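Report on the structure given below.
Below you can see the structure in the form of structure tokens.
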């Protein structure tokens, strides 16, 4: 072991480090690694009223700027929890996991509950709606009416079944119109945009509770009621294209999109099941 040399101190190593001994080779970048952080999460409330619920502890973990206006929600588990409830929201979607099939959490599924079956795209023939569900995790940031970020860390929200398909249909329509408006405003050829570009689009959405199912299996489900349709006039309020906002969103995108995929499908057998925002 050798003492730290003056040259190492010049490389922005605090002088305090000179009080202990270590091999200078330990400063090598080959030891650096990206660790997967545990993302704070939100919950889809399939009830009447419906919406997105951020438990208090997760709002704090996400660095929420204003914790006022919390409410207490009855969760599907039977527990009550305090947090932020959004029957409507302005969100940007940093990414999502391609829909996949898994067993429901019902006790009837025994050891199979929550086990991943496969990708919905490739394995939909395996779907048994009585015992399985289609799921996709989304990584979102909430913004206010002035497009200020309401928190500092992205929030992971799991959409499934009716809520998932309703969201995907609406968000795809929204993105397509955003891309067309952008082309007209910039006098460029209309083109589909990649996931990172779409993460700058603010989805201003309201949810509604709808009863789905048949007979005794009917239950409340969250669906998209309406969303702000992009126009040439309101495009600026729905697009975070300024340098400051873009950098803030893309920093969150770059740092966390891999975490979304890892945490959602750590048990998934196929890497093909993962992709970013649709």
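Residue numbers (our numbering): 130 to 407.
The beta-carbon is built from N, C-alpha and C at its ideal position, and this holds for glycine as well.
Since the model is a prediction, treat every value here as computed from it, not as a measurement.
Assigned exposure category for residue i - 16 Cβ within 10 Å defines buried
{"i": "residue 196", "result": "exposed"}
{"i": "residue 156", "result": "exposed"}
{"i": "residue 346", "result": "exposed"}
{"i": "residue 395", "result": "Per-residue confidence for residue 395 stands at a pLDDT of 47, beneath the threshold of 50, marking its modelled position as unreliable; the derived number appears in the next sentence. It is exposed - the Cβ of residue 395 has fewer than 16 other Cβ atoms within 10 Å."}
{"i": "residue 314", "result": "exposed"}
{"i": "residue 328", "result": "buried"}
{"i": "residue 265", "result": "buried"}
8 Å contact criterion, which residue i and residue j should meet: CB distance rounded
{"i": "residue 303", "j": "residue 228", "result": "18 Å between Cβ atoms; not a contact."}
{"i": "residue 282", "j": "residue 191", "result": "5 Å"}
{"i": "residue 180", "j": "residue 215", "result": "5 Å"}
{"i": "residue 213", "j": "residue 188", "result": "5 Å"}
{"i": "residue 357", "j": "residue 175", "result": "About 24 Å; that fails the 8 Å criterion."}
{"i": "residue 250", "j": "residue 289", "result": "With a Cβ gap of about 16 Å, residue 250 and residue 289 do not count as contacting."}
{"i": "residue 221", "j": "residue 173", "result": "Their Cβ separation, rounded to whole angstroms, is 18 Å, which puts residue 221 and residue 173 out of contact at 8 Å."}
{"i": "residue 217", "j": "residue 311", "result": "So it is not a contact: roughly 25 Å between Cβ atoms."}
{"i": "residue 343", "j": "residue 350", "result": "Actually they are not in contact, since the Cβ atoms of residue 343 and residue 350 sit about 13 Å apart, beyond 8 Å."}
Proximity test, residue i beta-carbon vs the ligand ATP heavy atom, cut-off 8 Å
{"i": "residue 205", "result": "Because no ligand of any kind appears in the structure shown, any question about the ligand ATP cannot be addressed here."}
DSSP state of residue i mapped onto helix, strand, coil
{"i": "residue 291", "result": "helix"}
{"i": "residue 157", "result": "coil"}
{"i": "residue 342", "result": "coil"}
{"i": "residue 333", "result": "strand"}
{"i": "residue 179", "result": "coil"}
{"i": "residue 233", "result": "coil"}
{"i": "residue 349", "result": "strand"}
{"i": "residue 277", "result": "coil"}
{"i": "residue 226", "result": "coil"}
{"i": "residue 167", "result": "coil"}
Opening and closing residue of the beta strand (DSSP E) in which residue i lies
{"i": "residue 412", "result": "Shown here, the chain extends from 130 to 407; a query on residue 412 therefore has no answer."}
{"i": "residue 325", "result": "No beta strand (DSSP E) contains residue 325, which is instead part of the alpha helix (DSSP H) from 324 to 327."}
{"i": "residue 203", "result": "200 to 203"}
{"i": "residue 151", "result": "Unbroken run through residue 151: none, as it is neither H nor E."}
{"i": "residue 197", "result": "It is not in any beta strand (DSSP E) - residue 197 carries neither H nor E in the DSSP assignment."}
{"i": "residue 240", "result": "Run containing residue 240: none; DSSP gives neither H nor E here."}
Nearest residue (CA-CA) to residue i, options the options
{"i": "residue 334", "options": "263, 308, 297", "result": "297"}
{"i": "residue 326", "options": "210, 382, 299, 211", "result": "382"}
{"i": "residue 232", "options": "243, 222, 239, 223", "result": "243"}
{"i": "residue 224", "options": "270, 261, 278", "result": "270"}
{"i": "residue 323", "options": "338, 305, 316", "result": "305"}
{"i": "residue 186", "options": "365, 169, 356, 349", "result": "169"}
{"i": "residue 352", "options": "330, 328, 294, 376", "result": "294"}
{"i": "residue 308", "options": "384, 199, 370, 153", "result": "370"}
Delimiting residues of the alpha helix (DSSP H) encompassing residue i
{"i": "residue 251", "result": "249 to 252"}
Minimum Cβ-Cβ distance from residue i to chain D less than 9 Å
{"i": "residue 161", "result": "Among the chains of the structure shown, chain D does not appear; only one protein chain is present."}
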